[in-house]
Ligand code: DC
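In our numbering, the protein residues as written are 4 to 225.
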């Protein structure tokens with residue numbers, strides 16, 4: 004059994020917020036695997052590769068070297084020597100990542116890197132296939148989810164608080180589309196591992212979810 008906690012779930016369920024807090028409390032390293040798929044998306048976008056052309060993706064994959072660094076505890080993704088963190092969180096990159104993460108060549112490359120990181124230190128890793136494929140031996144697996152409405156409302160409130168104009172129905176459609184794409188691909192689709200604990204956070208706040216995960220981790224470690 005590895006010293007890893009795997010957190011999987013759909014976009015917007017709060018995985019990274021929860022994983023970061025739990026990692027801090029337990030003294031583990033937080034590994035954000037979505038950021039790695041996003042870095043590959045930046046690479047393909049810059050190259051002008053068509054995300055629907057698997058041959059072009061396969062031909063381009065080897066030209067990307069992705070490594071991970073930590074600065075003040077924050078994960079940095081280095082793409083061919085350049086720190087690309089500032090480019091990862093845009094809608095465009097998210098959409099490109101959702102399209103290109105379905106390809107086996109892209110996944111194999113990043114899964115190798117993820118396993119290497121988990122072999123070095125205790126990690127809390129979040130993504131879509133961590134409990135099912137990347138770290139099947141994780142000592143605790145959580146499937147963190149929330150209804151599409153709850154996730155859309157959180158996103159809407161977040162953007163509104165930043166003063167950004169946004170449309171609730173458009174956000175909801177985007178989330179539903181992303182869910183469909185992530186859970187219907189052939190390779191490593193988003194799904195709950197058989198031995199994962201399901202945590203539906205639709206009616207829970209961040210503190211409640213964090214406490215629940217820490218409690219489970221401590222019980223498993225005891
Ligand atoms: O969690 P995120 O929104 O940063 O992830 C971006 C995309 O990467 C998402 O559409 C699904 C994909 N992804 C994946 O396929 N496997 C992972 N382990 C993590 C993310």
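Note that CB positions come from ideal geometry on N, CA and C, so glycine has one too.
Here the structure is a predicted model, which means the values were calculated and not measured.
Asked	Found
CB contact flag (residue 45, residue 90, <7 Å)	yes
Residue interval of the alpha helix (DSSP H) (run including residue 39)	36-50
Within 7 Å, strictly: CB atoms of residue 31 and residue 127	yes
Cβ shell of residue 47 (< 6 Å), same chain only, five flanking positions each side left out	103
Range covered by the beta strand (DSSP E) that runs through residue 130	126-130
Residue 158 beta carbon less than 7 Å from that of residue 15	yes
Nearest residue (CA-CA) to residue 71, options 42, 203, 64 and 61	42
Neighbour-count burial assignment, residue 20, 16 or more Cβ in a 10 Å radius	exposed
Rounded C-alpha distance that separates residue 82 from residue 151	32 Å
Alpha helix (DSSP H) segment containing residue 183, residue limits	171-187
Counted within 10 angstroms of its Cβ, other Cβ atoms place residue 144 as buried (16 or more) or exposed	buried
Within 7 Å, strictly: CB atoms of residue 147 and residue 10	yes
Collapsed DSSP secondary structure at residue 86 in the structure displayed	strand
CB of residue 22 within 7 Å of CB of residue 198, strictly	no
Where residue 137 sits in the DSSP three-state scheme	helix
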